[in-house]
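One structure below.
There are 2 protein chains.
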Amino acid sequence: MSKYSLFGKFIVQEGKRDLLADILLEAAESMKDLDECEVYLVSMSENEPDAVYVYETWDNEEAHQASLSLEATQTLISRAKPIIAGMERISTLKTVGGKGV
Amino acid sequence: MSKYSLFGKFIVQEGKRDLLADILLEAAESMKDLDECEVYLVSMSENEPDAVYVYETWDNEEAHQASLSLEATQTLISRAKPIIAGMERISTLKTVGGKGV
């Protein structure tokens, strides 16, 4: 049974990378009890001072969609929005297995 | 303490996607006892019949490098090489945290 993975990039206002990373780490923390979310990794790139990457794996697309309307998620989205300058969906994937799921 | 993540894509010979995915899943299995490898996810994309994606997170770059010379890895690489038509490193990242690590 494959899973649903997303890999994307947030572009932040100058100097706000760490702040957005902290908010996204809070989002990851809020998903620790959400079994449908198996992986939610927050990363940065050495040569992109204004980018934060998220790789997430969900049981399925519906579970991911449903998470967007959770109160905790909505709160975090409202805190993050003012410092986000852009977003890019890099890959939408069907994860067939591996270590970590 | 941040971790070292890689996101890449293998292009396979036509019709060999599932075979490569199986070999990469064996690689992931062989890493189940390798603590330095925290995540190794094998994925496909709906609209790319000849691509297999791997997202992997390691304690650090050295741990990843060392894994390439393990006998199990070398064996899998030699099995995969004949069906790989190309490789693309999409992102090299510093993972600062999240669910799954």
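So the sequence lines, in the order shown, correspond to chains A and B. So for the first sequence, full-length UniProt numbering puts the first residue at 1; every next one is plus one. So for the second sequence, full-length UniProt numbering puts the first residue at 1; every next one is plus one. For glycine and all other residues, C-beta sits at the position ideal for the given N, C-alpha and C.
For a contact defined as C-beta to C-beta under 7 Å, what are the partners of residue i on chain B?
| i | result |
| --- | --- |
| Thr99 (chain A) | Residue identity check: residue 99 (chain A) is Lys in the sequence provided, not Thr. Simply Ala28, Met31, Lys32, Cys37, Val39, Tyr40. |
| Asn21 (chain A) | Before going further, note that residue 21 (chain A) is Ala rather than Asn in the sequence given. Those within 7 Å of Ala21 (chain A) in chain B are Val96. |
Residue i versus chain A: which residues are under 7 Å apart at the beta carbon?
| i | result |
| --- | --- |
| Met87 (chain B) | Result: empty, since nearest Cβ-Cβ is about 15 Å, beyond 7 Å. |
| Ile84 (chain B) | Correct list: empty, because the minimum Cβ distance to chain A is about 17 Å. |
Check each candidate in the options and name the one with the smallest Cα separation from residue i.
| i | options | result |
| --- | --- | --- |
| Glu36 (chain A) | A:Thr75, A:Leu70, A:His64, A:Thr95 | A:His64 |
| Leu41 (chain A) | B:Arg17, B:Ala21, B:Tyr55 | B:Tyr55 |
| Thr57 (chain A) | A:Gly100, A:Gln13, A:Phe10 | A:Gly100 |
| Ala51 (chain B) | B:Gln74, B:Glu14, B:Ser30 | B:Glu14 |
| Ala27 (chain B) | B:Thr75, B:Lys3, B:Arg17 | B:Thr75 |
| Thr92 (chain B) | A:Lys3, A:Val39, A:Ser30, A:Ser45 | A:Ser45 |
| Thr73 (chain A) | A:Asp18, A:Ser30, A:Leu19 | A:Ser30 |
| Asn60 (chain A) | A:Glu48, A:Pro49, A:Tyr53, A:Leu34 | A:Leu34 |
Starting from the beta carbon of residue i, find every residue of chain B whose beta carbon is closer than 9 Å, and list them in chain order.
| i | result |
| --- | --- |
| Met44 (chain A) | Ser2, Leu93, Lys94, Thr95, Val96 |
Where does residue i land, buried or exposed, given buried means 16+ other C-beta within 10 angstroms?
| i | result |
| --- | --- |
| Ser5 (chain B) | buried |
| Met1 (chain A) | exposed |
| Ser69 (chain B) | exposed |
| Ile23 (chain B) | buried |
| Lys32 (chain A) | exposed |
| Gly98 (chain A) | buried |
| Ser78 (chain A) | exposed |
| residue 103 (chain A) | A question about residue 103 (chain A) goes unanswered here, because the residues of chain A that appear run from 1 up to 101. |
Please list the partners that residue i has in chain A, where partner means a Cβ-to-Cβ separation under 9 Å.
| i | result |
| --- | --- |
| Ile77 (chain B) | Within chain A, no residue comes near Ile77 (chain B); the closest Cβ sits about 17 Å away, beyond 9 Å. |
Taking 8 Å as the cut-off, decide whether the C-beta atoms of residue i and residue j are in contact.
| i | j | result |
| --- | --- | --- |
| Gly8 (chain A) | Glu88 (chain A) | yes |
| Val96 (chain A) | Ala66 (chain B) | no |
| Ile11 (chain B) | Ala80 (chain B) | no |
| Ile90 (chain A) | Ile90 (chain B) | yes |
| Ser43 (chain B) | Lys16 (chain A) | no |
| Lys3 (chain B) | Glu38 (chain B) | yes |
Are the C-beta of residue i and some C-beta of chain D separated by less than 8 Å?
| i | result |
| --- | --- |
| Thr95 (chain B) | Chain labels in this structure do not include chain D; the protein chains are A and B. |
According to a CB-to-CB cut-off of less than 8 Å, which residues of the stretch 4–17 of chain A neighbour chain B? Flagged, chain order: Ser5, Phe7.
Taking beta-carbon pairs under 8 Å, can you tell me which members of the stretch 55–72 of chain B lie near chain A? Tyr55, Thr57
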